[in-house]
Amino acid sequence: MHSSPSCSPGCSSSCSVSLPLSPLSSNGRGSESVSAEEKREVRNPNTASDPSGMASVLSFYLSYLLLLSLSVCVLVCVSVWSSDWRGGFAWDGSALQFNWHPVLMVSGLLLLYGNGAVLYRVPLTWGQNKLPWKLLHAGLMLLALIFSIVGLCAVFDFHNKKKAPNLYSLHSWIGIAATALFALQWVFGAGVFLLPCAPPRLRGLLKPLHVWMGGGILGLSVAACISGINEKLFFVLKAGPSYSDLPSEAVLGNSLGVLIVAFGLVVMRILSNQNWQRPDPRPEDLVYTPLLQEENE
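Take the sequence shown: its position 28, counting from 1, is numbered 28 in full-length UniProt numbering, and each next residue is one higher.
Spelled out as structure tokens, the structure:
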């Protein structure tokens with residue numbers, strides 16, 4: 001039994017009552033203030049109640065709409081150039097087989113790659129289970145890699161049948177380096193970030209490298225595309241109107257190069273904006289999942 005404290009009426013001022021201590025931290029803050037701080041640490045800054053957050057989300061979607069528009073314009077330009085100006089497509093070792101090379105490389109190494117890279121920045125993916133978006137990211141990157149490999153096979157087979165040398169130009173060096181790094185990036189990314197066997201600490205260590213390599217590969221892809229366009233224009237505009245006369249085909253090729261550079265700049269803009277990164281985990285997730293594991297899964 002617990003005895004209740006008793007005091008005489010005449011000595012109420014000197015009476016001492018023992019009460020249980022509240023769970024204060026060493027710096028004097030209670031449990032409620034600690035919880036509030038934790039909530040502030042994981043709060044999504046782009047909420048509907050935050051005008052600046054709404055402006056940031058709106059700015060993202062405008063940039064994303066510009067990215068999608070540039071993607072369509074680039075794809076249309078490279079397809080029209082190969083089909084209308086260069087005669088179409090085939091797989092018979094002729095120049096028509098070569099036409100697959102620019103279409104597949106631009107579609108895979110640039111467009112699918114760039115759109116897959118910004119997938120995690122889309123606000124609609126925030127606050128949801130990350131696994132489906134990881135699978136979609138990996139699937140888009142795998143499709144981009146397949147397109148790139150088939151595009152390389154098209155040009156290598158064309159050169160071999162024409163007895164032309166391979167990998168002698170700066171364009172070819174940059175393109176093969178971008179594709180090789182892309183393949184390594186996908187293999188290590190799938191093994192570390194997709195498979196459950198990788199420890200969270202390893203994911204945390206490799207995540208910055210994975211992001212940095214992704215931006216570097218995109219830069220190499222843009223460089224390979226615009227150097228390839230310039231090289232192709234020099235080859236096909238030898239007879240008749242020269243490149244220096246700026247015929248219609250040269251205008252189309254130069255415009256395609258400008259659109260590709262703009263596409264790369266918009267992707268890098270989206271990836272470099274800290275406000276458009278996927279927010280931290282929710283407070284209820286921190287109870288069950290370590291923060292490092294949640295951030296890197």
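In this text, a Cβ means the ideal position worked out from N, Cα and C, and glycines have one as well.
Go ahead and pull the three-state DSSP assignment for residue i.
i, result
"Ser-242", "coil"
"Ser-107", "helix"
"Lys-130", "helix"
"Trp-100", "helix"
"Asn-166", "coil"
"Gly-87", "coil"
"Ser-94", "coil"
"Leu-195", "coil"
"Arg-278", "coil"
"Val-150", "helix"
"residue 302", "The requested residue 302 is not part of the displayed model; the chain covers only 1 to 297."
In terms of residues, what are the limits of the alpha helix (DSSP H) holding residue i?
i, result
"Asn-254", "248-272"
"Ser-63", "51-80"
"Gly-235", "Before going further, note that residue 235 is Phe rather than Gly in the sequence given. Taken as a continuous stretch (DSSP letters only), the alpha helix (DSSP H) holding Phe-235 covers 200-236."
"Ala-190", "Neither: Ala-190 is in no alpha helix (DSSP H) and is coded neither H nor E."
"Tyr-120", "Counting along the chain, Tyr-120 falls outside any alpha helix (DSSP H), and DSSP gives it neither H nor E."
Using the rule of at least 16 other Cβ atoms within 10 Å of the residue's Cβ for burial, across every protein chain shown, is residue i buried or exposed?
i, result
"Asp-54", "Per the sequence presented here, residue 54 reads as Met, with Asp not at that position. Met-54 comes out exposed."
"Gly-88", "exposed"
"Gly-114", "buried"
"Gln-277", "exposed"
Using only CA atoms, which one of the options lies nearest to residue i?
i, options, result
"Leu-119", "Gly-93, Asn-166, Trp-133, Pro-199", "Trp-133"
"Gly-116", "Ala-90, Ala-144, Gly-127", "Ala-144"
"Tyr-61", "Leu-170, His-171, Ile-270, Leu-167", "Ile-270"
"Pro-208", "Ala-154, Gly-219, Gly-189, Ala-250", "Gly-189"
"Leu-142", "Gly-204, Gly-215, Leu-109", "Leu-109"
"Lys-130", "Pro-51, His-171, Phe-193, Met-105", "Phe-193"
"Phe-158", "Ala-177, Ser-94, Gly-151, Leu-202", "Ser-94"
Q) On the three-pair Cβ rule with 8 Å, is the region 261-273 touching the region 97-105? A) no
Q: Count the C-beta pairs between the region 218-230 and the region 252-262 that are closer than 8 Å, then say yes if the count reaches three, no if not.
A: The region 218-230, when compared against the region 252-262, does touch it at the 8 Å Cβ threshold.
(Q) With three or more beta-carbon pairs closer than 8 Å as the criterion, would you say the region 119-131 touches the region 73-89? (A) Counting Cβ pairs under 8 Å, fewer than three are found: no touch.
Q: Check whether the region 203-218 touches the region 175-184, counting contact only when three or more Cβ pairs, one atom from each stretch, lie closer than 8 Å.
A: yes
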